[in-house]
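Here is the structure we will look at.
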Amino acid sequence: MCANEVRASKMERNETVRKVYLDHAATTPVRPEVVEIMSEYMLEVYGNPSSVHSFGREARKAVDKAREQVANLIGAGPEEIVFTGGGTEADNLAIKGIVEAQAKKGNHIITSAIEHHAVLHTCEYLEKHGCKVTYLPVDSDGLVDPGDVKKAITPQTVLVTIMTGNNEVGTIQPVKEIGAIARERGVLFHTDAVQATGQIPIDVREMNIDLLSGSGHKMYGPKGIGILYVRKGVKISPVIHGGAHERRRRAGTENVPGIVGLGKAAELSMAELPERQANLVHLRDRLIDGIVERISEVKLNGHRTRRLPNNCNVSIKYIEGESMLLNLDMVGIAASSGSACTSGSLEPSHVLLAMGVPHEIAHGSLRMTLGRQNTDEDVDYVMQVLPSIAKKLREMSPLYSRG
Ligand SMILES: *Cc1c(COP(=O)(O)O)cnc(C)c1O
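Residue numbers (this note's numbering): 2 to 404.
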C-alpha cells in the first residue's frame with residue numbers, strides 16, 4: 002500500500018467508526034446559536050459594560066438582557082443573578098460569602114457526603130479555618146433525609162448546602178422540603194443546581210431556595226461562565242475583590258461574550274425543556290433497561306425514578322470502570338466512570354462509597370449521560386457493543402473466574 006492508500010483507508014475507518022458522545026454531565030457542546038451571538042460580542046460589540054460611550058452601553062444592555070434570560074429559567078428576578086467564572090466559583094461564593102457575612106451568628110455548615118468537590122473541598126477548607134461542618138449521610142439511592150437536616154441544625158448554623166441533582170448518579174434531592182426546613186429555622190439554603198438547571202424545571206421561590214449555582218457549559222453554553230442566584234435581601238460577602246461589578250458581589254470586568262452566550266443558552270433551554278426532558282427520559286430508560294436486561298450482575302447506581310433525565314450510572318461487576326471506558330472509546334463511545342474530576346485517580350467515587358456501594362463494585366461504575374443530540378440509534382449502538390465488551394473484559398477478570 003502506498004502512503005496515499007494508507008491515508009485513505011485510515012480516513013475510511015474513521016468515517017465508519019460511529020461517534021457517540023455520552024458524557025454530557027462532564028460538559029456539553031456549545032449550541033451554534035450561542036456561538037453566533039458570542040462572536041458578535043467579541044468582534045463587533047466589544048465595549049466594556051462600565052464605559053459610558055455607545056460601545057459600552059451596548060455591551061451593558063446585552064449583559065442586562067442575559068441576566069433576565071437566566072433569571073427566567075429559574076424563576077428569579079434579574080437583580081438576584083450574579084455572573085461568576087463558572088459553577089465552581091458560584092459554589093465558593095455561596096459558601097464562603099455566606100459564612101463571612103453571617104460570622105456574627107455562627108460558623109456551622111450543613112452539607113451532604115455526595116456533593117461535588119466544588120462544595121466539599123470548599124467546606125473542608127473552611128473547616129481548617131475554624132468552621133464546623135456536618136456531612137449528612139445518604140441512603141443507598143443517594144437521597145438525603147430532610148429529617149436529618151432538621152436534626153443537624155443548631156443555633157450556630159449559617160448555611161445548609163445540598164445539591165439539586167447529583168453529577169455522578171443523577172439522584173434528585175428533596176430540595177423543596179429541605180429548603181422549607183431551613184427557612185423555618187431561619188437558616189439560609191444553597192443548592193448546587195449545576196446539573197439540574199435547564200434539565201428539570203427549577204423555581205427558586207416555589208422550592209424555598211436562597212442561593213443557587215449554575216454553570217454555562219453544562220447547559221450548551223460556554224465554559225468559564227456561571228451564575229449564583231442570591232435571593233433579594235440576602236447579604237453575601239464577595240470572594241473576589243476589586244471594582245463595583247455585579248452589585249459589589251463579584252468584581253472584575255464582565256465576561257460579556259460568555260454572559261451573552263449563557264443568556265442565549267438559558268433562553269433556548271427554557272423553550273425546549275419539557276420536550277427535551279421527555280425525550281431524555283425515554284432514551285435514559287431504554288439505556289438502563291437494556292443494560293440490566295442484557296448484562297448479568299449489573300447494579301444501577303442512584304434512584305430509579307428520582308433521577309436526572311440524562312443520567313445512566315451502572316456498576317458492571319468484576320470489571321474496572323477504566324478498562325470499560327477505554328474499550329468503549331475504541332468503538333467511538335465517550336462515557337465516564339464516576340465524575341470527570343475523579344476519573345484519572347484510582348480512588349473509587351466518594352458518592353458511591355457514601356451510598357454504601359462496596360469498593361470493588363464502586364470501581365466498576367460506568368456513567369453515560371445523554372444530551373439533546375442523542376438518538377434512539379445511539380442507544381441501539383451502545384446496546385450492540387456494550388454486552389460483548391463486558392463479556393470480553395469479564396473473561397479476562399480474575400475476580401469473575403473465581404466468582
Ligand atoms: C460541573 C459541576 C460543577 C463545576 O462547574 P464548573 O463550571 O465546571 O466550574 C459544580 N457542581 C456540579 C454538580 C457540577 O456538575
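All C-beta atoms, glycine included, are put in the ideal place defined by N, C-alpha and C.
From a predicted model like this one, the values you see are computed outputs, not experimental measurements.
Residue j beta carbon less than 7 Å from that of residue i
| i | j | result |
| --- | --- | --- |
| VAL205 | ALA77 | yes |
| ARG186 | ASP211 | no |
| THR162 | ALA119 | no |
| ILE241 | ALA252 | yes |
| VAL83 | ILE110 | no |
| VAL176 | TYR42 | no |
| LEU326 | SER338 | yes |
| PRO388 | ARG295 | yes |
| THR28 | HIS218 | yes |
| LEU269 | ILE226 | no |
| ILE115 | VAL139 | yes |
| PRO50 | GLU255 | yes |
For residue i, the three-state DSSP class (helix, strand or coil)
| i | result |
| --- | --- |
| ARG184 | helix |
| LEU23 | coil |
| LYS393 | helix |
| TYR230 | strand |
| THR198 | coil |
| ARG250 | coil |
| CYS313 | strand |
| ILE179 | helix |
| ARG305 | coil |
| HIS191 | strand |
| VAL18 | coil |
| ILE292 | helix |
| THR172 | strand |
| GLU207 | coil |
| LYS300 | strand |
| ALA60 | helix |
| TYR401 | helix |
| LEU263 | helix |
Whole-Å CB distance - residue i paired with residue j, under 8 Å assumed
| i | j | result |
| --- | --- | --- |
| VAL1 | ASN312 | Absent from the structure is residue 1, since the part of the chain shown begins at 2 and ends at 404. |
| VAL159 | LYS224 | Contact doesn't hold; Cβ gap of about 31 Å is too wide. |
| ILE320 | ARG368 | Their Cβ separation, rounded to whole angstroms, is 14 Å, which puts ILE320 and ARG368 out of contact at 8 Å. |
| ARG190 | ALA183 | A small correction: the amino acid at residue 190 is Phe; Arg does not occupy that position in the sequence shown. Sure, about 4 Å apart at Cβ, within 8 Å. |
| ILE260 | VAL64 | 5 Å |
| THR85 | ILE203 | Not really, about 17 Å apart at Cβ, beyond 8 Å. |
| VAL145 | ILE179 | 7 Å |
| VAL18 | ALA335 | About 12 Å separates the two Cβ atoms, so there is no contact after all. |
| ILE96 | CYS124 | 7 Å |
| PRO310 | LEU281 | 4 Å |
| VAL100 | LEU127 | 6 Å |
| GLY98 | VAL352 | At roughly 25 Å, the Cβ-Cβ gap does not stay under 8 Å, so GLY98 and VAL352 are not in contact. |
Rounded straight-line distance, which links the Cα of residue j to that of residue i
| i | j | result |
| --- | --- | --- |
| GLY199 | VAL170 | 18 Å |
| LEU213 | GLY365 | 32 Å |
| VAL332 | HIS283 | 24 Å |
| ALA267 | ARG305 | 27 Å |
| SER350 | ALA363 | 7 Å |
| GLU37 | ALA60 | 16 Å |
| TYR382 | ARG248 | 50 Å |
| ASP24 | ASN168 | 11 Å |
| SER113 | VAL299 | 26 Å |
| ILE173 | SER216 | 17 Å |
| ALA245 | PRO239 | 11 Å |
| LEU94 | ALA102 | 11 Å |
| MET220 | ALA72 | 15 Å |
| PRO275 | HIS130 | 44 Å |
| VAL372 | ALA194 | According to the sequence as given, residue 372 is Gly; it is not Val. Each residue's Cα considered, the two are about 17 Å apart. |
| SER324 | HIS54 | 57 Å |
| ARG308 | VAL315 | 13 Å |
| GLY234 | VAL293 | 49 Å |
| THR343 | HIS360 | The predicted position of THR343 is uncertain, since its pLDDT is 49 and thus under 50; a value taken from the coordinates is nonetheless stated next. Roughly 15 Å separates the two Cα atoms. |
| SER398 | THR192 | 41 Å |
| GLU34 | LYS392 | 42 Å |
| GLU273 | LEU400 | 46 Å |
| TYR230 | SER141 | 30 Å |
| SER340 | LEU137 | Here SER340 scores only 48 on pLDDT, less than 50, and its place in the model is too uncertain to base an answer on. |
| VAL188 | LYS265 | 33 Å |
First through last residue of the beta strand (DSSP E) which encompasses residue i
| i | result |
| --- | --- |
| VAL161 | 158-162 |
| GLY215 | 212-216 |
| VAL134 | 133-137 |
| ILE111 | 109-113 |
| MET369 | 366-370 |
| VAL332 | No beta strand (DSSP E) holds VAL332; DSSP gives it neither H nor E. |
| THR85 | 82-85 |
Boundaries of the alpha helix (DSSP H) in which residue i is found, first to last residue
| i | result |
| --- | --- |
| ASN167 | First-last for ASN167: undefined, no H or E at that position. |
| ILE362 | 360-363 |
| ILE38 | 33-44 |
| VAL235 | Run containing VAL235: none; DSSP gives neither H nor E here. |
| PRO147 | 147-153 |
| LEU353 | 351-355 |
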